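Trainee: Okay, so the sequence shown: first residue is 7 according to our numbering, each after it adds one. Glycine included, C-beta positions come from ideal geometry on N, C-alpha and C. Computed from a predicted model, the values in this text were never measured in an experiment. Quick one: the structure is below, questions incoming.
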Amino acid sequence: MAQLEQIAAPGSEWWRSAVIYQIYPRSFADASGDGIGDLPGITSRLDSLKDLGIDAIWLSPFMTSPQHDAGYDVADYRDVDPLFGTLADFDEMLAQAHARGIRVIVDLVPNHSSDQHPWFQEALKAGPGSPERARYVFRDGRGKNGELPPNNWESVFGGGMWERVVEADGTPGQWYLHIFDATQPDFDWTNEEVKEEFRSILRFWLDRGVDGFRVDVAHGMVKEAGLPDYAPVADADSMGGNDEDVPYWGQDGVHDIYRDWHQLLAEYDGDRALCGEAWLPTLKQTALWVRPDEMHQTFNFPYLMTAWDAKALGDVIRESLDEFGKVGAPSTWVLSNHDTVRHTTRLAATRLPHGEGIGPKTPNKPAPEISLARGRAATTLMLALPGSAYLYQGEELGLPEAMEIPDEFRQDPTWFRTEGKRYGRDGCRVPLPWEADAPAFGFNDTGLSWLPQPAEWAEYARDAESSDPTSTLALYKELLAARREHGFGNGSLIWEDAGKDAVAFRRGDVHVVANLGTKPLPLPAGATVILKSQPFDGDALPVDTAVWYTTA
Ligand code: BGC
Numbered sequence: 007m008a009q010l011e012q013i014a015a016p017g018s019e020w021w022r023s024a025v026i027y028q029i030y031p032r033s034f035a036d037a038s039g040d041g042i043g044d045l046p047g048i049t050s051r052l053d054s055l056k057d058l059g060i061d062a063i064w065l066s067p068f069m070t071s072p073q074h075d076a077g078y079d080v081a082d083y084r085d086v087d088p089l090f091g092t093l094a095d096f097d098e099m100l101a102q103a104h105a106r107g108i109r110v111i112v113d114l115v116p117n118h119s120s121d122q123h124p125w126f127q128e129a130l131k132a133g134p135g136s137p138e139r140a141r142y143v144f145r146d147g148r149g150k151n152g153e154l155p156p157n158n159w160e161s162v163f164g165g166g167m168w169e170r171v172v173e174a175d176g177t178p179g180q181w182y183l184h185i186f187d188a189t190q191p192d193f194d195w196t197n198e199e200v201k202e203e204f205r206s207i208l209r210f211w212l213d214r215g216v217d218g219f220r221v222d223v224a225h226g227m228v229k230e231a232g233l234p235d236y237a238p239v240a241d242a243d244s245m246g247g248n249d250e251d252v253p254y255w256g257q258d259g260v261h262d263i264y265r266d267w268h269q270l271l272a273e274y275d276g277d278r279a280l281c282g283e284a285w286l287p288t289l290k291q292t293a294l295w296v297r298p299d300e301m302h303q304t305f306n307f308p309y310l311m312t313a314w315d316a317k318a319l320g321d322v323i324r325e326s327l328d329e330f331g332k333v334g335a336p337s338t339w340v341l342s343n344h345d346t347v348r349h350t351t352r353l354a355a356t357r358l359p360h361g362e363g364i365g366p367k368t369p370n371k372p373a374p375e376i377s378l379a380r381g382r383a384a385t386t387l388m389l390a391l392p393g394s395a396y397l398y399q400g401e402e403l404g405l406p407e408a409m410e411i412p413d414e415f416r417q418d419p420t421w422f423r424t425e426g427k428r429y430g431r432d433g434c435r436v437p438l439p440w441e442a443d444a445p446a447f448g449f450n451d452t453g454l455s456w457l458p459q460p461a462e463w464a465e466y467a468r469d470a471e472s473s474d475p476t477s478t479l480a481l482y483k484e485l486l487a488a489r490r491e492h493g494f495g496n497g498s499l500i501w502e503d504a505g506k507d508a509v510a511f512r513r514g515d516v517h518v519v520a521n522l523g524t525k526p527l528p529l530p531a532g533a534t535v536i537l538k539s540q541p542f543d544g545d546a547l548p549v550d551t552a553v554w555y556t557t558a
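Structure (structure tokens):
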């Protein structure tokens, strides 16, 4: 780990300031050529990530899974799905990443397993009242013969949150809870065996040398006692709903679990870290996940969900620094991930309820030029902020959402469970373009791709962008190098006033300003621009543009 120590500033844990790049393994690079990315593919492309200048990677799940929710339905938490390779491939990828000074975080999915997990299969066989069923949330149904679900909760992916089982004697039986797809039964986190099993899973991956975990659905693992009825009042903007008081999100009981895990991680060297995927409607609530004895980081989803509006953006940054600061945690920043419309498209779109996505029939699709300009400006601002930042694979190429995926290729359970009412998340999951003139744009050498790649993605291919100094890739490299050089991951900022249409602050002697208005914004006399989100001439900052500058 000698090389890794140089990454963190002395005396501070690496995760406080790290730029962490999310790899969605099925869409990153495909060494086997079957159309689905894999671990050897990741290993083969690590040099390009080193060259980009990130500090760590987070891998979405690659564990054994029937892939009903792209791997977020785990059947064996201690093995690699053959689609992605083997445990030996994982060890090799980890060693190669560490050799390049890149830390590795893996995804842990503790809220639910796959229905193919041996425990769930045992629970089905064992019947009501058994210790096997007690590991999941089984309940008798309501109604005369138990024919109605135990409560009225609605699955995040659409439809009800309960599935009825057929008992061993062939009669309709109990119901089990699934916040997501029916193939993803929720664990009962009041059950000691579940707690012990996950301690052992954490140790399994820590012993292999991972640097931490991104904890899936970290806000959903504990449900309100008695499972009271609750129906969301309107389409939820996020996976945490719009209300603060949802009986399956953000329950107090989750915090004891994280305190336990915090201590377990602390037994290991190297500042191993937990990052929570906790979708909660307010930053005040979100900050509870990163109190000093709980998780180390949590995703800043209120920031991700903020529209392209100067006041809203300034406010959410202020509140983030304030709320996370109160508990002594770094803020994190994130604009895109595998569950949301890519920010290069989203920031020019109107409101998108969670999981709605954009598809062929969506009216008024965002214009690509506006989207890309806003996306680049947003990132230029984000990478100047103190704290840790998450990037999602492909954003460094400026990839837009794939908005024309034909219905027959769709795979997101949201699409199926809403009978096509919501397109879901496939549009941000399309395999990456590496080479403009190669089969599948260099994703593999067979030309296969589990989701179709838009033809116009040739212009976003990494090799094409590598030789273009004005490309989004060139911008990301510049930003990451300058962020490191100036130590912007640590420290604090000073707000500046550049008018109501701008977000502006100072980091040391570097001024950062983004123009979210409709008119060019004059830069101060004597400003020397050191970095700009897109090329421009003259001394006024164009709309949808951000700069870093110094003054004499
Ligand atoms: C993951 C999603 C997944 C869901 C269920 C989320 O938070 O990021 O991709 O569908 O959890 O595991």
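#1: With respect to 7 Å, is the separation between the Cβ of Y274 and the closest non-hydrogen atom of ligand 1 below this value?
#2: Three-state secondary structure (DSSP) at W463?
#3: In terms of alpha-carbon separation, which member of T304, D277, K290 lies closest to Y396?
#4: Return the chain-ordered list of same chain residues with a C-beta closer than 6 Å to the C-beta of I207, the five sequence neighbours on each side being excluded.
#5: Report yes if the CB atom of V216 is closer than 8 Å to the CB atom of V296, and no otherwise.
#6: May I ask you to report which of helix, strand or coil DSSP gives E169?
#7: Count the other CB atoms, across all protein chains shown, that sit within 10 Å of the CB of I500; report buried if there are 16 or more and exposed otherwise.
#8: Considering Cα atoms alone, identify which of A105, E491, D87, W440 is closest to L479.
#9: Rounded to whole angstroms, what is the Cα-Cα separation between V333 and H268?
#10: Taking the alpha-carbon positions, what's the L45 to V347 distance?
#11: Taking the alpha carbon of T196 as the point to measure from, which residue in G282, R141, V519, E410 has its own alpha carbon closest?
#12: If I measure Cβ to Cβ from R423 and keep anything under 8 Å in the same chain, skipping five residues before and after, which residues do I get?
#13: Using 8 Å as the threshold, is the C-beta distance between G59 and A487 below it?
#14: Assign T177 to buried or exposed, taking buried as 16 or more other Cβ atoms, counted over all protein chains shown, within 10 Å of its Cβ.
#15: Are the CB atoms of A446 and A464 nearer to each other than 8 Å?
#16: Return yes when the C-beta of Y182 is under 7 Å from any heavy atom of ligand 1, and no when it is not.
#17: Straight-line CA distance for P253 to Y236?
#18: Within 10 angstroms of its Cβ, does S18 collect 16 or more other Cβ (buried), or is it exposed?
#19: Sort V143, A174, E375, L391 by Cα distance to M167 and report the nearest one.
#20: Consult DSSP for P374 and reduce its assignment to one of helix, strand or coil.
#21: Could you check what DSSP says for M301 in three-state terms: helix, strand or coil?
#22: Work out the CA separation of P238 and E173 for me, nearest whole Å.
#23: So for L89, helix, strand or coil by DSSP?
#24: Can you look up F307 in the DSSP assignment and give me helix, strand or coil?
#25: What would DSSP say about W440, mapped onto helix, strand or coil?
#26: Tell whether a beta-carbon distance below 8 Å holds between L89 and I42.
#27: Taking the beta carbon of N157 as the centre, do at least 16 other beta carbons fall within 10 Å, making it buried, or is it exposed?
#28: Say the cut is 7 Å; is the CB of E462 nearer than that to a heavy atom of ligand 1?
#29: Could you tell me whether any non-hydrogen atom of ligand 1 is closer than 7 Å to the CB of W344?
#30: Have a look at A467 and A384 and give me their C-alpha separation to the nearest angstrom.
#31: Could you compute how far the alpha carbon of D545 sits from the alpha carbon of T557?
#32: With DSSP collapsed to three states, give me the class of R416.
#33: Can you list, in chain order, the residues of its chain whose CB lies under 6 Å from that of R489, leaving out five sequence neighbours each side?
#34: Would you kindly work out how many angstroms separate the C-alpha atoms of W21 and S54, rounded to a whole number?
#35: How big is the Cα-Cα spacing for S539 and R382?
#36: At a cut-off of 7 Å, is D75 close to ligand 1 when judged by its beta-carbon and the heavy atoms of the ligand?
Mentor: In terms of the structure at hand:
#1: For ligand 1, not one heavy atom lies less than 7 Å from the Cβ of Y274.
#2: Here DSSP, grouped into helix, strand and coil, assigns W463 to helix.
#3: T304
#4: Y83
#5: no
#6: strand
#7: Under this definition I500 is an exposed residue.
#8: Of the listed residues, the one whose Cα sits closest to L479 is W440.
#9: 15 Å
#10: 25 Å
#11: R141
#12: Excluding sequence neighbours, R423 sits near S161, F163, G164, G165, D187.
#13: yes
#14: exposed
#15: No, these two residues do not count as a Cβ contact at 8 Å.
#16: no
#17: 7 Å
#18: exposed
#19: V143
#20: Of the three classes helix, strand and coil, the one that applies to P374 here is helix, per DSSP.
#21: Shown here, M301 sits in coil according to DSSP, grouped into three states, outside any helix or strand.
#22: Distance between the alpha carbons of E173 and P238: 31 Å.
#23: Looking at L89 - three-state DSSP - the assignment turns out to be coil, as it is neither helix nor strand.
#24: helix
#25: coil
#26: yes
#27: buried
#28: no
#29: According to the sequence provided, residue 344 is His. The question's Trp does not apply to it. Checking the Cβ of H344 against ligand 1 gives yes.
#30: 21 Å
#31: Cα to Cα, D545 sits roughly 13 Å from T557.
#32: In the three-state DSSP reduction, R416 falls in the coil class, being neither helix nor strand.
#33: L389
#34: 21 Å
#35: 6 Å
#36: The answer is yes for D75.
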